[in-house]
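Peer 1: Below you'll find the structure I mean.
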Amino acid sequence: MASENQNLQDAFLNQTRKTKTPVTIFLINGVKLQGIISWFDNFCILLRRDGQSQLVYKHAISTIMPSEPISLYDGDQ
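Read left to right, the sequence shown gives residues 3 to 79 (the working numbering).
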């Protein structure tokens, strides 16, 4: 883990990004997006699918659901 103070959101997004785990993102308006997280910052997530990129603002996201279970920490805790 890069930082002991890394928050849950960053740990979750970073793990799905590093493992290239496909995710389903539900927006607050009900739209469902699917793809792989290739980048994120404090305000947005870059989602890739079929060679296309979508920049999704975090304030529009309701839920992020990975397609498979992920491990957030490497057994350090």
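Beta carbons are placed, not taken as given, at the ideal position from N, Cα and C, and that holds for glycine.
(1) Less than 8 Å between the C-beta atoms of Thr26 and Met67, yes or no?
(2) Measure from the alpha carbon of Lys34 to the alpha carbon of each residue in Leu74, Trp41 and Ser64, then state which is nearest.
(3) Name the two residues that bound the continuous alpha helix (DSSP H) containing Gln17.
(4) By a C-beta neighbour count over all protein chains shown, 10 Å radius and 16 as the cutoff for buried, is Leu49 buried or exposed?
(5) Considering only the beta carbon of each residue, do Arg51 and Gln36 sit closer than 8 Å?
Peer 2: Reading it off the structure:
(1) Contact flag set, yes.
(2) Just measuring C-alpha positions, the residue of Leu74, Trp41 and Ser64 sitting nearest Lys34 is Ser64.
(3) Residues Leu10 to Thr21.
(4) By the beta-carbon neighbour count (other beta carbons within 10 angstroms, threshold 16), Leu49 is buried.
(5) For Arg51 and Gln36, yes; Cβs fall inside 8 Å.
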